[in-house]
Amino acid sequence: MKGDRTAGDAEEPRGAGAAAVRLWLRPLSSLLGVSMAALCVVYLIDLVRHQNASLSFWEVFLHMSPGDAEHVMGGIGEVIAAILGIVITVASIIVQLAANRYTPRITEMFFRDRTNLLVMGFFVVSAVFSLWVNFSIRDGASGSTEHAFVPHHGVLITMGLLTACLFMMAPYFGYVFDFLEPDNVVGRIKKTGVEQALRPAGGESDGEVDERRVAALSSLEQLADVALNALDQKDKGIASKTVDSLSELVVSYLPNKKALDPRWFQIRDRLARDTDFVSMNAEALGKLSATRTWLEYKALRQFLMVYREALTAMPDLITRIAIDTRYIGQTAIAAGDRAAVAVVVKFFNTYMRRALNAKDIAAAYNNLNQYRYLAEELLKAGWGDQVVDIARYFKYYAQTAHAMGLAFVTETVAFDLCVINERAYDLHAPARDELLRIFLEVDKEVELDQQEPSLRGVRKAQVKLATYYLQKGEEALARKIYRDMRDERPDRLRSIRAELLAVTSNEFWEINDRGAVFEYIEPERRQLIHRFFEWFPATTMREPIREEHTQD
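Structure follows, in structure tokens:
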């Protein structure tokens, strides 16, 4: 992770240099080149027409009387002031429009930007300098040259400043538009948050640490504001970019937490007055401080806020939020941060609750997909106890969905648990037996009342796992699944077998994020379906004989 971050930091200066060339150097070079070429051409034409002219090219600019200086300087100050007024007016209008569209804090960002301050300062200095040069011109008393004063160099510098101001207008407006480009605004906010969060420990007062905490917190909230405004305007690109940036901020932060000042992780002072923390009791705040997870919690709270709005306004963003939440979880696993992983799991559970409350099957389906990926990463890391907890949550949401009449969600959970059990076996996870036990309990509570047809998907997933065990030579594990199913109704078992054998293609006929068919079993495994069902009594699996009635 550190290597990746170093590479990213190396690319950033190169990107900033390329932007400077594109926005400033090329336009200024082009404008200056055209202007100087035009001046030389005109001067040569005038030189040819006035061959007896006594002044050389340089003397034309250096030789001037007090009257000439007053004439030249008379309007320069006004022109520079007018340029400054135009620049401020146009920039203010553009910035305000962008602030209304994205986040009001863009205004503060813009007027604190170093480049913007340098350009504005240059215009102001040029205007003030020209006024004082004009004030210093003296033509002497009664036409006498004894007390006359002509600031030749001041006039020339003023002309250079005016020229530079005129040249800078077009590149500066280009810079303003580039500054307010949504991707650049989001990237700048993210960069600020990362810089505030990753400052190493040492030499700071409590007030400075608190200032950094609030600045990082502000970056998270600004990104959430941009995402919410993009949702209101149905701007999927900006919303997705902002959600990604929230995740990238946390992903950059997690591997470097150990080097931070311990005071950074304490929720106190202005940080404790944040809206997401002020409503929490002292015990909950103490836990966030003790586990050092307040920033992860705050970032995921922003995800949850956007998630809630996206359920109705932009369903496609739900998948993006789930993916980015998984990225945070994977980074926490790589960093060995169990507390951060626990926060990620808690928010995945909250996403599921939101989806079920809204009866949004697609949101639940996509959340489960990313949640399962996270469980697989935990298995690879050897964190089997967390995977067992996730399996229990899966079982709970499957049973809740069944009670709500969302049969497809229950079926999705079952097939995801099937995959988790397969991965657990492949990785020789100690939690393998417990995961299988939980899987076989998914349909138990709802079966106490009656055998619902909607639970057929759960049984199909269990049969699919049994064929996997048989393929691996683990008949004992497959027998556990058989014993769990042996009391099923014969007609139900026969239909499950027939439907599994009928699925011969893994290509789903509609667009979905998984791109696969749950019931599909590879040909070499599909043959084992017969072997599994041979364990049931022959009378159970035999098709009933239908009597034919003939009419005399």
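If you read the sequence shown in this note's numbering, its first letter stands for residue 1414, the second for the next number, and so on.
Just so it is clear, CB atoms sit at the ideal spot from N, CA and C, and this is done for glycine as well.
Neighbourhood of residue i by C-beta, 7 Å cutoff - its chain only, sequence neighbours within 5 removed
i: residue 1794; result: 1746
i: residue 1786; result: 1739
i: residue 1571; result: 1486, 1489, 1542, 1543 and 1546
i: residue 1702; result: 1678, 1679 and 1680
Beta-bridge pairing of residue i - partner residues as DSSP gives them
i: residue 1551; result: 1562
Distance between residue j and residue i (C-alpha atoms, nearest Å)
i: residue 1871; j: residue 1763; result: 23 Å
i: residue 1597; j: residue 1897; result: 57 Å
i: residue 1796; j: residue 1816; result: 31 Å
i: residue 1954; j: residue 1655; result: 55 Å
i: residue 1830; j: residue 1941; result: 20 Å
i: residue 1755; j: residue 1741; result: 11 Å
i: residue 1643; j: residue 1457; result: 57 Å
i: residue 1923; j: residue 1694; result: 47 Å
i: residue 1670; j: residue 1783; result: 25 Å
i: residue 1713; j: residue 1824; result: 28 Å
i: residue 1928; j: residue 1718; result: 29 Å
i: residue 1581; j: residue 1599; result: 26 Å
i: residue 1772; j: residue 1724; result: 10 Å
i: residue 1916; j: residue 1885; result: 22 Å
i: residue 1946; j: residue 1910; result: 8 Å
i: residue 1853; j: residue 1894; result: 7 Å
i: residue 1914; j: residue 1906; result: 12 Å
i: residue 1493; j: residue 1567; result: 15 Å
i: residue 1734; j: residue 1708; result: 17 Å
i: residue 1616; j: residue 1666; result: 20 Å
i: residue 1497; j: residue 1774; result: 57 Å
i: residue 1607; j: residue 1845; result: 39 Å
i: residue 1503; j: residue 1749; result: 51 Å
i: residue 1789; j: residue 1836; result: 7 Å
i: residue 1966; j: residue 1736; result: For residue 1966 there is no data in the structure shown, the boundaries of the chain being 1414 and 1965.
Assigned secondary structure, residue i (DSSP; H/G/I helix, E/B strand, else coil)
i: residue 1942; result: helix
i: residue 1529; result: helix
i: residue 1930; result: coil
i: residue 1908; result: helix
i: residue 1389; result: Absent from the model: residue 1389. The displayed extent of the chain is 1414 to 1965, so no value can be given.
i: residue 1725; result: helix
i: residue 1808; result: helix
i: residue 1696; result: helix
i: residue 1576; result: helix
i: residue 1604; result: helix
i: residue 1922; result: coil
i: residue 2043; result: What is shown of the chain runs 1414 to 1965, which leaves residue 2043 out entirely.
i: residue 1618; result: coil
i: residue 1611; result: coil
i: residue 1855; result: coil
i: residue 1901; result: coil
i: residue 1705; result: coil
Cβ-based neighbour list, residue i, same chain, cut-off 6 Å, excluding 5 preceding and 5 following
i: residue 1635; result: 1516, 1518 and 1602
i: residue 1595; result: 1651
i: residue 1549; result: 1564
Chain-order list of residues whose beta-carbon lies under 8 Å from that of residue i (same chain, five-residue window excluded)
i: residue 1691; result: 1685
C-beta atoms of residue i and residue j nearer than 8 Å
i: residue 1891; j: residue 1883; result: yes
i: residue 1819; j: residue 1715; result: no
i: residue 1781; j: residue 1813; result: no
Proximity test, residue i beta-carbon vs the ligand FMN heavy atom, cut-off 7 Å
i: residue 1696; result: With respect to the ligand FMN, the structure offers nothing, as it holds no ligand at all.
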